[in-house]
Amino acid sequence: MSTADFDLDRAWSLDPQVALRPERFGALAYHFGTRRLSLLRSPRLLEVMRGLDTAPTAREACLAAGVAESELPQLRSALGTLAGNGMLAERVAA
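The opening position of the sequence shown corresponds to residue 75 in my numbering, with each subsequent residue numbered one higher.
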């Protein structure tokens, strides 16, 4: 998935095989299946990631974390990269 394909208006969640470790700069995200390590270089991005599981959409998770509308393109790019790396999975309605 390219960052341009990430849809903020869909439901996303952290992949079940991903663990987040908070750090001063943001967090480390480790995928136990792929053994990939990603740096989240923003505490706000960490808050968005934590909120994805319960928010109806990624946009709602961003807004709940205090992301301004003007910051959404930058967060969309970061989330798209994480989704492309397998750190995020699209949630399917039950």
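Cβ atoms here follow ideal geometry from the backbone N, Cα and C, with glycine treated the same way.
Here the structure is a predicted model, which is why all the values come from computation and not from measurement.
Secondary structure at residue 116: coil, using DSSP grouped into helix, strand and coil. For residue 134, the enclosing alpha helix (DSSP H) starts and ends at 132 to 138. For the 8 Å CB-CB criterion, residue 133 and residue 79 do not form a contact. Residue burial is scored here from C-beta neighbours: residue 98 has fewer than 16 other C-beta atoms within 10 angstroms and is therefore classed as exposed. Apart from sequence neighbours up to five positions away, the residues of its chain that approach residue 150 with a beta-carbon distance below 6 Å are 80, 82, ordered along the chain.
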